[in-house]
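Notes to accompany the following structure.
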DNA sequence: CTAAGTTAATTCATTAGTGAACTATGCATT
DNA sequence: AATGCATAGTTCACTAATGAATTAACTTAG
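Chains as they are written, first to last, in the working numbering: chain A, 13 to 185; chain B, 13 to 185.
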């Protein structure tokens, strides 16, 4: 990494050259889409660098954070799947590793015996409180040079993009 | 998928709740970072849906596109690694699958015998020209409702973000 | 009450991608 | 020419995530 700007230059050049041989190429949109892919990967990479000392990856961290922020500290695998856009298969693995590390517990639900109750442990809460503050400087750096207005605008545009992306897989027919 | 908006709502709620117990949480930045992760994943998912009928994933497609847009249709694995931010290991795999499908050729370089010359084939070019146009409507949908000004702004903000992310892994010390 | 359908979670096989170690070539210095 | 160092590409072992099939438990319609 540490060369996103260079990648964007290469995208610009590539799109430009493809444009010469492919008519109607929506070059602005193609470039934006590539930059969004790149930004997402860059943010994830930066985040995971910060998480690495604690041997958690992004999806494990996210899962732990949801349990942390849940009012009672409880949830279930399927709920966590919804929240994290992970498949059930992967969530099984994630929760197993978190259990193994003593950050959460799993026990069968009494109301619905298909379900599994997951709960964050005291140790899990402690880890979250320890991990969060060191992430803040990264976030600040990431958006350094962004005015309040820039941030609001980016927020607005990303929400609109999300709405549009949702359309795609919702066949309107 | 098809629920990015829902995920963003959950992020909003989660960040709000974490804010109550963690002082100094930069909630706006945290939300933006999560939305960028989500957007990147959403764009990739949408793109890969479109690529699937041709049994290519994003990194294979990207690799093929670079060879397509290269003036002479030539490149080398290490160059492709730079362009795609893929590791050399993975590029070995990617080029092997593209060769197997007859979309590119590989032959040892004469100038430098460590190198491998990769070249897109006529069949590879044909596939690219066939695949591109069906992607355009998706790109249009993705940015529907975006004014020219919105697109310019998003472009500008993402470039700035990329610059900031590059800082992170470049220890200024 | 029971048959059919749905949901929750898991297992297994497979795909993608990474890091470390290795081979071979080229390059620079003496 | 011999030594040391850097680069290009590969292999191998491993991690992360997905899709298909499976098991068990709940739900609903007849």
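Ideal placement from N, C-alpha and C gives every residue a C-beta, glycine not left out.
Remember, predicted model here, so these are calculated numbers, not experimental data.
Taking each of A:22, A:117, A:140 and A:75 in turn and checking the Cα distance to residue 22 of chain B, the smallest one comes out for A:75. Out of A:83, A:71 and A:178, the CA that lies nearest to the CA of residue 30 of chain B is found in A:83. In terms of beta-carbon proximity, residue 55 of chain B lines the interface with chain A, with at least one pair separated by less than 8 angstroms. Following the DSSP letters along the chain, one finds residue 117 of chain B inside the beta strand (DSSP E) bounded by residues 116-120. Closest in alpha carbon position to residue 85 of chain B, among B:106, B:117, B:109 and B:143, is B:117.
In this structure, residue 176 of chain A keeps its C-beta atom at 8 angstroms or more from the C-beta atom of residue 62 of chain A.
Rounded to whole angstroms, residue 79 of chain A and residue 104 of chain A show a C-alpha spacing of 15 angstroms. The count of Cβ pairs closer than 8 angstroms, one atom from the region 132-146 of chain A and one from the region 88-104 of chain B, stays below three, leaving the stretches out of contact. Membership of residue 28 of chain B in the alpha helix (DSSP H) is indicated by the continuous run 16-33. Under DSSP, residue 87 of chain A shares a beta bridge with A:130. Interface annotation, residue 42 of chain A: in contact with chain B, CB-CB separation under 8 angstroms.
A direct Cα-Cα distance of roughly 51 angstroms separates residue 124 of chain A from residue 157 of chain A. The residues 27 and 31, in chain order, have a CB closer than 7 angstroms to that of residue 39 of chain A in the same chain once the five nearest residues on each side in sequence are set aside. Taking 8 angstroms as the cut-off, the beta carbon of residue 155 of chain B is found closer than this to the beta carbon of residue 163 of chain B.
Straight-line measurement puts the Cα of residue 92 of chain A at about 23 angstroms from the Cα of residue 170 of chain A. Secondary structure of residue 156 of chain A (DSSP, three-state): coil.
Taking a cut-off of 8 angstroms for Cβ pairs, the region 45-58 of chain A and the region 46-58 of chain B touch, as three or more such pairs fall below it.
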